[in-house]
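Engineer: Numbering (our numbering), first residue to last: 68 to 219.
So that we are looking at the same thing, I have put the structure below in structure tokens.
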């Protein structure tokens, strides 16, 4: 019985420290995430030089939205369109920000439909690739370092 209580106490402590570890690593992982979003947007912009329209750099506002939040021992990384401005669009038809976000960030489009001027690698794909490889292995190093501090 005493052995069972000891295991329960240790497991409770580990679960508590898991949550604390998530809180500890979140700011540094958020920096890696923001860096990835920023670089993916720069790459998208640099891949095509428009001749028929003037750039607003509105999509760069996605970088400002990049956030890492903590829920228990889970990190949620998200970037969205909510800081973007509505586009004037063609023929007086405004292009809402969610649609623009999908065209540009998710699909890599410069224009759309018959106004498609160029298609780049979607910024989302670049960020997803960075996420999948732990931002070049840097996430694991952050976790290892913080875990050593926390579990001392």
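Backbone N, C-alpha and C fix where the C-beta goes; we use that ideal spot for every residue, glycine too.
1) From 92, 76, 168, 86, pick the residue whose C-alpha is nearest to that of residue 207; which is it?
2) Indicate whether residue 119 and residue 171 have their beta-carbon atoms separated by less than 8 Å.
3) For residue 141, does the three-state DSSP call read helix, strand or coil?
4) Quick one: residues in its chain with C-beta nearer than 8 Å to the C-beta of residue 149, no 5 flanking neighbours on either side, listed in chain order?
5) Helix or strand or just coil, what does DSSP make of residue 234?
6) Quick one: is residue 111 buried, meaning 16 or more other Cβ sit within 10 Å of its Cβ, or exposed?
7) Count the other C-beta atoms from every protein chain shown that fall within 10 angstroms of the C-beta of residue 155, then say buried if there are 16 or more, exposed otherwise.
8) What are the residues that DSSP puts in a beta bridge with residue 186?
9) Once the 5 residues before and after residue 157 are set aside, which same chain residues still bring their CB inside 8 Å of it?
10) Tell me the rounded alpha-carbon separation between residue 83 and residue 90.
11) Note down, in chain order, each residue of its chain lying with its Cβ closer than 6 Å to the Cβ of residue 162, except the 5 sequence neighbours on either side.
12) Pair every Cβ in the stretch 91-110 with every Cβ in the stretch 125-144, then say whether three or more of these pairs are closer than 8 Å.
13) Does the beta-carbon of residue 129 have 16 or more other beta-carbons within 10 angstroms, so that it is buried, or is it exposed?
14) Hey, could you find the ends of the alpha helix (DSSP H) residue 211 is sitting in?
15) Of all the options 76, 151, 99, which has the alpha carbon lying nearest to the alpha carbon of residue 193?
16) Go ahead and label residue 151 buried or exposed: buried means 16 or more other beta carbons lie within 10 angstroms of its beta carbon, across all protein chains shown.
Structural biologist: Let me lay it out:
1) 92
2) no
3) strand
4) 132, 164
5) This structure leaves residue 234 out entirely; the chain is present only between 68 and 219.
6) buried
7) exposed
8) 176
9) 182
10) 11 Å
11) 154, 156
12) yes
13) buried
14) 205-217
15) 99
16) buried
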